[in-house]
Amino acid sequence: MFEAESALARVFAEKCESLSASYCILFCGRETVVTSDWTFPTVQEVETFLPGITENLLYLGKLYDRPCFGGQCKLPETLPSGFQRVLTRRLLTEAEECLWHAISRTQKLVFWKKQHRYCGACRAELVPSSHDSALKCPECGAMYFPQISPAVIVAVRKGDQLLLAHNRNFERNVHSLIAGFMEAGETVEQTVQREILEETSLRVKNIRYLASQPWPFPNSLMLAFEAEYESGDATPDGVELTSLGWFTADNLPELPMKGSIARQIIDAIFPGHSGGNEAD
Ligand SMILES: [Zn+2]
40 MFEAESALAR VFAEKCESLS ASYCILFCGR ETVVTSDWTF PTVQEVETFL PGITENLLYL
100 GKLYDRPCFG GQCKLPETLP SGFQRVLTRR LLTEAEECLW HAISRTQKLV FWKKQHRYCG
160 ACRAELVPSS HDSALKCPEC GAMYFPQISP AVIVAVRKGD QLLLAHNRNF ERNVHSLIAG
220 FMEAGETVEQ TVQREILEET SLRVKNIRYL ASQPWPFPNS LMLAFEAEYE SGDATPDGVE
280 LTSLGWFTAD NLPELPMKGS IARQIIDAIF PGHSGGNEAD
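Residue numbers (this note's numbering): 40 to 319.
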């Protein structure tokens with residue numbers, strides 16, 4: 040299991056006696072370093088091929104009771120035997136829920152820290168806060184917390200049919216649930232109704248919360264809902280969505296990657312369906 044801890048600056052000295060029994064989630068572009076048996080290397084192991092990396096790692100919390108660190112780096116062309124790089128998206132399709140959580144947290148914090156080096160008020164260089172998962176300005180005291188962007192993802196149902204759409208950013212012909220970011224000042228229910236209306240010209244009713252998932256590309260929190268069709272003709276907006284339609288268990292299109300909340304919901308609605316090659 041993974042337990043996040045709120046301390047970016049949790050000092051290494053406090054943890055260093057256990058670095059040989061630690062985990063290091065290390066990104067390089069779109070890839071993550073894993074061992075040949077698909078676990079994360081220890082910090083000590085990573086130090087052997089990236090000396091000094093420890094200085095740039097963030098403390099994330101405990102993964103399976105071991106201290107877990109994360110960071111980003113430029114990897115050497117060839118990794119030593121026993122280590123390999125895999126596409127982070129591919130890793131997520133195989134990941135248990137706790138690993139998804141740990142990878143998401145690493146991805147979010149690494150991305151955020153890279154984009155928040157200086158204070159927006161006084162331009163001083165930011166330093167990690169000693170108490171929170173935050174960066175602090177040593178000059179004016181401003182605090183900067185990780186940016187998390189809430190978004191809704193909705194299973195719109197009409198009888199035994201489910202609305203699935205192809206977004207222009209999806210690979211191949213993948214179809215998924217309707218999703219969109221919250222606007223400032225909205226309730227999540229308003230976001231659901233607005234996004235569905237804007238993107239599909241449909242009105243929905245009986246909105247019900249299902250589950251959530253931190254989506255790590257790069258910083259969303261997906262809030263999943265189910266809603267019932269009320270009125271309108273399903274029409275793609277032509278901006279984000281290029282096609283959409285009503286699907287049943289026996290005519291499913293290519294579906295989103297395994298492990299994603301969209302895929303989990305589709306699989307729960309149509310248990311045992313045989314359609315929909317996964318896109319990973
Ligand atoms: Zn400042």
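Built from N, CA and C at the ideal position, the CB exists for glycine as well.
Separation of P185 from N258, as counted between CA atoms: Straight-line Cα distance between these residues: approximately 9 Å.
Closer than 7 Å: E178 CB and nearest ligand 1 heavy atom: Yes, the beta carbon of E178 sits closer than 7 Å to at least one heavy atom of ligand 1.
Cβ-Cβ separation, F108 to V72 (assumed contact under 8 Å), whole Å: About 12 Å; that fails the 8 Å criterion.
Beta bridge counterpart(s) of S282 as assigned by DSSP: Residue pairing by DSSP places S282 opposite H205 in a beta bridge.
Any non-hydrogen atom of ligand 1 within 7 Å of C107 CB: No, since every heavy atom of ligand 1 falls outside the 7 Å radius drawn around the Cβ of C107.
Through-space distance from A190 to A223, alpha-carbon basis: Roughly 12 Å separates the two Cα atoms.
Cβ-based burial, L97 [other Cβ within 10 Å; buried from 16]: Buried, because 16 or more other Cβ atoms sit within 10 Å of the Cβ of L97.
Whole-angstrom distance between G91 and I304, CA atom to CA atom: Using only the alpha carbons, I get a separation of about 43 Å.
A173 Cβ short of 7 Å to ligand 1 heavy atom set: Checking the Cβ of A173 against ligand 1 gives no.
Rounded separation between E84 and F264 - CA only: If you take the alpha carbons of E84 and F264, they lie about 42 Å apart.
Own chain partners of A160 with C-beta closer than 8 Å, once the 5 adjacent residues on each side are dropped: Taken in chain order, the residues that qualify are C176, C179 and A181.
For S259, the three-state DSSP class (helix, strand or coil): Correct three-state label for S259: strand.
Where L138 sits in the DSSP three-state scheme: Reduced to three states, the DSSP call for L138 is helix.
Beta-ladder partner(s) of P106, from DSSP: Note: P106 is bridge-paired with K101 in the DSSP secondary-structure output.
Identity of the residues DSSP links to S251 by a beta bridge: Bridge partners of S251: L262.
Residue burial classification, S75 (beta-carbon count within 10 angstroms, cutoff 16): Label assigned to S75: exposed.
Opposing strand residues paired with A181 [DSSP bridges]: The partner list for A181 (beta bridge, DSSP) is empty, contrary to what the question assumes.
CA-to-CA distance, S59 to Q123, given in whole angstroms: If I take the Cα positions, the gap works out to 19 Å.
Residue interval of the beta strand (DSSP E) (run including V72): Its beta strand (DSSP E) spans residues E70 to T74.
Unbroken beta strand (DSSP E) run spanning I92, endpoints: Premise fails: I92 is in no beta strand (DSSP E) and is neither H nor E.
Cβ-Cβ distance between G110 and V166 below 8 Å: Pairing G110 with V166 gives a Cβ-Cβ distance that is not under 8 Å.
Which listed residue (Q252, F256 and S270) has its alpha carbon closest to that of L262: It is Q252 whose Cα lies nearest to the Cα of L262.
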